[in-house]
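Enquirer: Would you mind keeping the following structure in view while I ask a few things?
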Ligand code: BGC
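Residue numbers (this note's numbering): 8 to 362.
Right under this line is the structure:
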């Protein structure tokens with residue numbers, strides 16, 4: 008199925024200069040200066056399209072991809088070139104980037120969709136060129152994954168992250184109910200900061216975090232919910248409004264990701280600490296781990312960006328070498344690689360700080 012490998016040059020590797028790793032950047036520049044370097048049949052070229060480089064979790068995945076590429080080169084002795092494109096939250100921009108990756112002969116594509124409904128178009132483009140395609144983080148519907156046997160999805164089960172987040176709150180309720188149930192009415196009053204509408208992680212984390220609490224026998228009352236689009240500043244603004252509206256009535260702030268949990272913390276900066284609600288996030292980003300250490304964030308759920316990057320690079324190498332992908336990664340249903348989530352609290356924080 009693999010087509011002839013052409014040279015791949017992507018002058019617009021769009022990571023902001025400060026975020027680019029020197030080797031990836033230098034390599035891209037060298038290829039550009041040498042007119043894309045001609046055919047390099049012994050080198051694997053991977054095109055990675057990000058929905059936006061400005062997302063904290065996604066930029067962590069991108070950094071890990073660069074790291075894993077260097078590791079893979081050391082392990083295999085093969086040349087691997089990674090081209091990263093920033094979609095800047097525009098599906099049209101991302102389509103152009105995918106077209107350019109394909110036109111310039113990338114061997115494998117890794118795509119973090121801007122809009123999950125665009126998966127079919129990208130899948131058909133990749134299939135037409137015979138280039139294996141790995142979607143990550145933004146999960147296409149099953150029908151789109153099934154369009155071709157060389158389409159994969161690398162991610163984590165959104166439902167699991169919601170359940171683990173809900174169980175953090177349930178444990179806090181069980182172990183320290185008096186502190187949590189400030190109103191003393193036996194009901195847990197909460198607000199929900201939601202991620203981008205339509206994203207599987209927003210929908211399922213919102214649903215399953217609360218389900219875990221109610222399945223544990225705790226009655227809940229939703230005071231408010233709103234999207235803050237995964238964004239810290241938007242979450243700070245929403246939380247500030249809610250604090251005005253509900254004040255100490257808010258017992259828990261659920262945030263679909265850590266950036267939004269940190270936004271909630273920003274909004275609470277002027278509130279005395281003993282009046283803060285319990286706050287939980289998802290991702291275990293570096294600043295969120297610091298907030299756990301400082302006692303500001305009660306807990307989070309580790310989203311394994313490093314594992315996802317590693318799975319993509321392993322999969323890409325196997326596909327390029329014509330090996331069975333299931334030898335390289337744990338493949339489910341022929342198309343899916345799932346990385347587990349893990350709870351993080353002050354108790355096990357050290358493990359994550361070391362990673
Ligand atoms: C992460 C968010 C991130 C989003 C981007 C989610 O899995 O938890 O932090 O903003 O993916 O698609």
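Note that the Cβ used here is the ideal one computed from N, Cα and C, for glycine as well.
1. Is residue 289 near the ligand BGC, in the sense that its beta carbon is under 7 Å from a heavy atom of that ligand?
2. Just checking my contact of residue 213 with residue 263 at CB under 8 Å: how many whole Å lie between their CB atoms?
3. Going by DSSP, what residue range makes up the beta strand (DSSP E) through residue 197?
4. Could you tell me the alpha carbon to alpha carbon distance between residue 45 and residue 236, rounded to whole angstroms?
5. With three or more C-beta pairs closer than 8 Å as the rule, is the stretch 132-143 touching the stretch 156-168?
6. Tell me whether residue 275 sits in a helix, a strand or coil according to DSSP, three-state version.
7. What does the alpha-carbon distance come out to for the pair residue 302 and residue 231?
8. Write down every uninterrupted run of the alpha helix (DSSP H) in the stretch 151-216 whose length is 4 residues or greater and which is fully enclosed by it, in chain order.
9. If you draw a straight line from the alpha carbon of residue 169 to that of residue 334, how long is it in whole angstroms?
10. My parser needs the alpha helix (DSSP H) runs of 4 or more residues fully inside the stretch 220-268; what are they?
11. CB-CB under 7 Å to residue 295, same chain, minus the five flanking residues each way: which ones, in chain order?
12. With respect to the alpha helix (DSSP H) encompassing residue 327, which residues constitute its N-terminal and C-terminal limits?
13. Within the continuous alpha helix (DSSP H) that includes residue 77, where are the two ends?
14. Are there 16 or more other CB atoms within 10 angstroms of the CB of residue 176, so buried, or fewer, so exposed?
15. Express the C-alpha separation of residue 325 and residue 65 in angstroms, rounding to a whole number.
16. Is residue 309 closer than 8 Å to residue 348 when the C-beta atoms are compared?
17. Measuring CB atoms only, is the stretch 244-256 touching the stretch 205-223, in the sense that at least three cross pairs come out at less than 8 Å?
18. Does the beta carbon of residue 183 fall short of 7 Å from some heavy atom of the ligand BGC?
19. Which stretch, first to last residue, makes up the alpha helix (DSSP H) that contains residue 128?
20. Within 10 angstroms of its Cβ, does residue 99 collect 16 or more other Cβ (buried), or is it exposed?
21. Going by C-alpha to C-alpha distance, which of 71, 157, 123 sits closest to residue 340?
22. Can residue 189 and residue 258 be called in contact, C-beta distance under 8 Å?
23. Looking at the ligand BGC, does it come within less than 7 Å of residue 310, judged from the CB to the closest heavy atom?
24. From which residue to which residue does the beta strand (DSSP E) around residue 106 run?
Expert: The short version:
1. yes
2. 6 Å
3. Run containing residue 197: 194-201, per the beta strand (DSSP E) assignment.
4. Per-residue confidence for residue 45 stands at a pLDDT of 36, beneath the threshold of 50, marking its modelled position as unreliable; the derived number appears in the next sentence. Spanning the two alpha carbons is a distance of roughly 42 Å.
5. In short, these stretches touch, since the Cβ pair count reaches three.
6. coil
7. 24 Å
8. Taking only runs of at least 4 residues, the alpha helix (DSSP H) segments lying wholly in the stretch 151-216 are 165-182, 184-187.
9. 30 Å
10. 239-253
11. 265, 268, 269, 288, 304, 307
12. 312-327
13. 63-83
14. buried
15. 24 Å
16. Against a cut-off of 8 Å, the Cβ pair of residue 309 and residue 348 comes out as a contact.
17. no
18. no
19. Taken as a continuous stretch (DSSP letters only), the alpha helix (DSSP H) holding residue 128 covers 126-136.
20. Note on residue 99: under 16 other CB atoms within 10 angstroms of its CB, so exposed under the neighbour-count rule.
21. 157
22. yes
23. yes
24. First-last for residue 106: 98-110, but that is the alpha helix (DSSP H), not the beta strand (DSSP E).
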